[in-house]
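Only one structure is covered here, and it is reproduced in the block below.
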Amino acid sequence: MRIHGWRARRQGDGWEIGPRASPVCVRPGAKGAFELVVDGEALALPDEPAVIDFLSQVALSRALEGSPPQ
Numbered sequence: 014m015r016i017h018g019w020r021a022r023r024q025g026d027g028w029e030i031g032p033r034a035s036p037v038c039v040r041p042g043a044k045g046a047f048e049l050v051v052d053g054e055a056l057a058l059p060d061e062p063a064v065i066d067f068l069s070q071v072a073l074s075r076a077l078e079g080s081p082p083q
């Protein structure tokens, strides 16, 4: 399945979005949880709504910094 803006990670499983120099990576975890990697820092989130909320905040932050979404 192709979701606009998302691409398969170059290394490992999961997906990434954003500039190739500093993408946001999402990998499935155990029991419906997810692991996100933003600017090299890993974050465990418990479920899809938490991922959506977090990605919204990252998008807003990057938009305010002038980093265009991809």
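In case it helps, this note's numbering puts the sequence shown at residues 14 to 83. Glycine is no exception: its CB is placed at the ideal position from the N, C-alpha and C atoms.
Bounds of the beta strand (DSSP E) holding ALA55 are 54-58. By the criterion of a C-beta distance shorter than 8 Å, ASP26 is surrounded in its chain by ARG40 and PRO41, once the five residues flanking it on both sides are discounted.
If one requires a minimum length of 3 residues, the beta strand (DSSP E) runs lying completely within the region 23-79 are 28-30, 37-41, 47-51 and 54-58, in chain order.
Excluding residues up to 5 positions away in sequence, SER35 lie with their Cβ nearer than 8 Å to the Cβ of ASP52 in the same chain. Annotation for PRO59: ALA46 place their beta carbon closer than 6 Å to its own, counting only its chain and skipping 5 residues before and after.
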